[in-house]
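Contents: one structure, followed by commentary.
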Amino acid sequence: MGFNFDDYFNKLHNGEVLLAYKGSISAEWINSVLENVESKLDSVNEDPRIKKKMYNVLVEGLQNLFHHVDDLPEEMIEKYNAKFGVLVIKKTDDHYTVSLGNFITSDKTNYLKDKIDKINSLTQDELKDMYKFILNHQKLSAKGGGGLGLIDMARKTGNKLEYNFYELNNTYSFFNLDVKIN
Amino acid sequence: MEALTIEGTAKTPNVKFEADNGLIEIKGRSIPENSIEFYKPLVDWLEEYGKTPAALTKVNIQLEYFNTSSSKCILDVFKKLEAIYKTKNEVIINWYYEEDDEDMLEAGEDYESIIRVPFKMVEIVD
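Chains as they are written, first to last, in the working numbering: chain A, 17 to 198; chain B, 72 to 197.
Below, the structure is given as structure tokens:
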């Protein structure tokens with residue numbers, strides 16, 4: 017019963033871990049991750065197409081975290097951090113998995129589930145149409161979010177988005193998103 | 072009207088807008104967390120420029136990469152250019168993409184299908 021963060025975080029570590037982070041999500045941190053991962057993939061002469069997909073998933077995924085990490089109540093900040101998020105990048109066999117995680121208020125879980133299920137049900141052409149429709153018809157939020165990040169990740173990787181919601185208490189859930197890159 | 076020049080950074084592109092010769096250039100990477108903040112001066116400049124545009128406005132967009140947040144702001148830039156084109160002024164948008172960068176070519180074609188301004192897709196060959 018209940019969500020155990022440490023178990024969750026440890027389980028993300030099966031495979032060859034390139035990077036594992038839990039903590040505050042800041043713009044500076046995002047910059048350093050992008051640089052760090054780019055140079056790691058360069059050092060193993062990774063396929064340029066994989067590098068580009070990885071970069072894309074990280075830019076969109078981390079900026080989603082940056083914009084959407086909810087402010088946590090004080091008793092949770094003691095255990096975690098304000099602006100708390102998780103990023104684990106690992107390599108298993110022939111593919112990479114980028115895991116992104118953050119706490120959300122549970123009232124958002126249905127909205128997110130529906131959105132991801134919808135994205136996963138679409139073909140590449142349908143994703144393109146959805147992207148163009150939102151691009152042309154929806155305004156950016158004050159924070160600069162456009163609701164396009166998830167669609168873009170699915171479109172550019174060509175893979176389904178895998179997700180899990182773990183209920184922490186009456187108010188909060190933990191949202192984990194796995195994006196496969198191959 | 073004064074030119075708008077912004078030096079590029081790791082997260083934002085080079086910008087060169089010149090009213091005198093109708094040159095509009097955006098080059099580099101565009102991945103700011105808050106794209107509205109970055110693009111607002113560009114859109115405002117174009118709004119002003121649109122009142123007395125050059126006979127021909129030549130637009131060069133050469134982006135190596137842009138995030139989805141920027142994609143909406145880039146559309147706003149194009150909408151300003153579309154308004155100029157609609158008032159019977161010449162506008163041409165050159166959309167540059169690296170050889171083999173199909174994503175960037177497709178992104179240009181997405182804009183081309185939304186914006187009623189002539190686009191030219193230009194492949195950069197090393």
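Beta carbons are placed, not taken as given, at the ideal position from N, Cα and C, and that holds for glycine.
| query | Got a sec? Which residues, its chain only, sit under 8 Å from Thr195 (chain B) by beta carbon, not counting five neighbours each side? | reply | Reading the second sequence from its first residue, position 124 is the one you call residue 195 (chain B). Checking the sequence shown, residue 195 (chain B) turns out to be Ile, not Thr. Same-chain partners within the cutoff: Gln133, Tyr167, Tyr168, Glu169 and Glu170.
| Rounded separation between Tyr179 (chain A) and Asn192 (chain A) - CA only | Counting from one through the first sequence, the residue named residue 179 (chain A) turns up at place 163. Counting from one through the first sequence, the residue named residue 192 (chain A) turns up at place 176. Distance between the alpha carbons of Tyr179 (chain A) and Asn192 (chain A) is about 6 Å.
| field | Nearest neighbour of Leu81 (chain A), chosen from A:Asp23, A:Leu88, A:Leu116 and A:Lys129 [CA to CA] | value | The residue given as residue 81 (chain A) occupies position 65 in the first sequence. The option with the nearest alpha carbon to Leu81 (chain A) is A:Leu116.
| said: Would the segment 116-127 of chain B count as touching the segment 88-97 of chain B if we require 3 or more Cβ pairs under 8 Å? | reply: Short answer: they touch.
| field | CA-to-CA distance, Leu94 (chain B) to Leu117 (chain B), given in whole angstroms | value | Here residue 117 (chain B) refers to the residue found at position 46 of the second sequence. Here residue 94 (chain B) refers to the residue found at position 23 of the second sequence. Each residue's alpha carbon lies about 11 Å from the other.
| said: If distances are taken between C-alpha atoms only, which option among B:Phe109, B:Val193, B:Thr158 and B:Val188 comes closest to Tyr120 (chain B)? | reply: Against the second sequence, residue 120 (chain B) aligns to sequence position 49. For the residues B:Phe109, B:Val193, B:Thr158 and B:Val188, the minimum Cα distance to Tyr120 (chain B) belongs to B:Thr158.
| message | With distance defined between alpha-carbon atoms, name the residue in B:Asn138, B:Asp115 and B:Glu173 nearest to Met169 (chain A). | response | For the purposes of this step, residue 169 (chain A) is taken as the residue at position 153 of the first sequence. For the residues B:Asn138, B:Asp115 and B:Glu173, the minimum Cα distance to Met169 (chain A) belongs to B:Asn138.
| task | Starting from the beta carbon of Glu76 (chain A), find every residue of chain B whose beta carbon is closer than 7 Å, and list them in chain order. | result | For the purposes of this step, residue 76 (chain A) is taken as residue 60 along the first sequence, with counting starting at 1. Ordered by position in chain B, the residues that pass the 7 Å Cβ test against Glu76 (chain A) are Asn138 and Thr139.
| request: Rounded to whole angstroms, what's the CA-CA distance from Lys99 (chain A) to Gly165 (chain A)? Just pull it up for me. | output: Position 83 of the first sequence, counted from the first residue, corresponds to residue 99 (chain A). Position 149 of the first sequence, counted from the first residue, corresponds to residue 165 (chain A). So the two alpha carbons sit approximately 19 Å from each other.
| query | How big is the Cα-Cα spacing for Gln154 (chain A) and Val193 (chain B)? | reply | One-based indexing of the first sequence puts residue 154 (chain A) at position 138. One-based indexing of the second sequence puts residue 193 (chain B) at position 122. Looking at the two C-alpha atoms, the distance is approximately 29 Å.
| message | Taking DSSP's pairing of strands, which residues face Arg100 (chain B) in a bridge? | response | As a working mapping, residue 100 (chain B) is identified with position 29 in the second sequence. In the DSSP output, where bridge partners are listed per residue, Arg100 (chain B) has B:Tyr136.
| query | Mind pulling the alpha helix (DSSP H) runs of 4 or more residues that sit fully within the segment 66-96 of chain A? | reply | 90-95
| message | So, under 8 Å CB-CB, Lys146 (chain B) and Leu151 (chain A) are touching, yes? Tell me the CB distance rounded to an integer number of Å. | response | Within the second sequence, numbered from 1, the residue matching residue 146 (chain B) stands at position 75. Within the first sequence, numbered from 1, the residue matching residue 151 (chain A) stands at position 135. Reading off the sequence, residue 146 (chain B) comes out as Leu, not Lys. Going by Cβ atoms, the distance from Leu146 (chain B) to Leu151 (chain A) rounds to 6 Å, so yes, they are a contact pair.
| query | Cβ of Leu116 (chain A) less than 8 Å from any chain B Cβ? | reply | Position 100 of the first sequence, counted from the start, is the residue given in the question as residue 116 (chain A). Taking Cβ atoms only, chain B never reaches closer than 8 Å to Leu116 (chain A), which makes this a no.
| field | For Asp110 (chain A), the three-state DSSP class (helix, strand or coil) | value | In the first sequence, counting from the first residue as 1, residue 110 (chain A) sits at position 94. In the structure shown, Asp110 (chain A) sits in coil (DSSP, three-state: anything other than H, G, I, E or B).
| field | Those runs of the alpha helix (DSSP H) which lie wholly inside the segment 140-178 of chain A and span at least 4 residues | value | 140-153 and 165-173, all fully within the segment 140-178 of chain A.
| said: Assuming contact is defined by CB atoms lying nearer than 8 Å, are Val102 (chain A) and Lys144 (chain A) in contact in what I supplied? | reply: In the first sequence, residue 102 (chain A) corresponds to position 86, counting from 1. In the first sequence, residue 144 (chain A) corresponds to position 128, counting from 1. Not in contact: Val102 (chain A) and Lys144 (chain A) (Cβ atoms no closer than 8 Å).
| said: Taking CB distances under 8 Å as the criterion, tell me whether Lys157 (chain B) reaches chain A. | reply: Locating residue 157 (chain B) in the second sequence gives position 86, counting from the first residue. Chain A contact via Cβ: absent.
| message | Which residues does DSSP list as the beta-bridge partners of Ile200 (chain B)? | response | Since the displayed chain B opens at 72 and closes at 197, residue 200 (chain B) lies outside it and no answer follows.
| Identity of the residue in B:Glu108, B:Ile164 and B:Leu113 nearest Lys129 (chain B) by Cα | Counted from its first residue, the second sequence places residue 129 (chain B) at position 58. It is B:Ile164.
| query | Do we get a CB-CB distance below 8 Å when we pair Asn136 (chain A) with the residues of chain B? | reply | Taking the first sequence and counting its residues from 1, one reaches residue 136 (chain A) at position 120. Not closer than 8 Å to any Cβ of chain B, the Cβ of Asn136 (chain A) fails to qualify, so no.
| request: Using a Cβ cut-off of 7 Å, pull out every chain B residue sitting near Asp199 (chain A), in sequence order please. | output: There is no way to answer for residue 199 (chain A), as the model of chain A reaches only from 17 to 198.
| query | In three-state DSSP terms, what is Asn198 (chain A)? | reply | Translated into the one-based positions of the first sequence, residue 198 (chain A) becomes position 182. Asn198 (chain A): coil per DSSP, three-state reduction.
| Straight-line Cα distance separating Thr121 (chain A) from Leu74 (chain A) | As a working note, residue 74 (chain A) is residue 58 in the first sequence. As a working note, residue 121 (chain A) is residue 105 in the first sequence. Between the alpha carbons of Leu74 (chain A) and Thr121 (chain A) lies a distance of about 23 Å.
| Looking at the C-beta of Phe100 (chain A), does it have a partner C-beta in chain B at a distance below 8 Å? | Indexing the first sequence from 1 puts residue 100 (chain A) at position 84. Judged by the 8 Å Cβ criterion, Phe100 (chain A) is not in contact with chain B.
| said: So the candidates are B:Ser141, B:Glu135 and B:Gly99; which of them puts its Cα closest to the Cα of Ser106 (chain B)? | reply: Position 35 of the second sequence, counted from the start, is the residue given in the question as residue 106 (chain B). Ranking the options by Cα distance to Ser106 (chain B), first place goes to B:Ser141.
| query | Between the C-alpha atoms of Thr80 (chain B) and Arg100 (chain B), what's the straight-line distance to the nearest angstrom? | reply | Within the second sequence, numbered from 1, the residue matching residue 80 (chain B) stands at position 9. Within the second sequence, numbered from 1, the residue matching residue 100 (chain B) stands at position 29. Straight-line Cα distance between these residues: approximately 8 Å.
| said: To the nearest angstrom, how far is the alpha carbon of Gly179 (chain B) from that of Ala154 (chain B)? | reply: Here residue 179 (chain B) is taken as the residue at index 108 of the second sequence, counted from 1. Here residue 154 (chain B) is taken as the residue at index 83 of the second sequence, counted from 1. So the two alpha carbons sit approximately 19 Å from each other.
| request: For Asn198 (chain A), I'd like the list of residues in its chain whose CB is within less than 7 Å of its CB, leaving aside the five on either flank, ordered along the chain. | output: Here residue 198 (chain A) corresponds to residue number 182 of the first sequence, with the count starting at 1. Cβ neighbours of Asn198 (chain A) beyond the five flanking positions: Asp110 and His111.
| query | Taking any Cβ of chain A, which residues in the segment 84-114 of chain B have a Cβ under 7 Å from it, in chain order? | reply | Ile102, Glu104, Asn105, Ser106 and Ile107
| Are the CB atoms of Val85 (chain A) and Ala36 (chain A) nearer to each other than 8 Å? | Position 69 of the first sequence, counted from the first residue, corresponds to residue 85 (chain A). Position 20 of the first sequence, counted from the first residue, corresponds to residue 36 (chain A). Contact: no.
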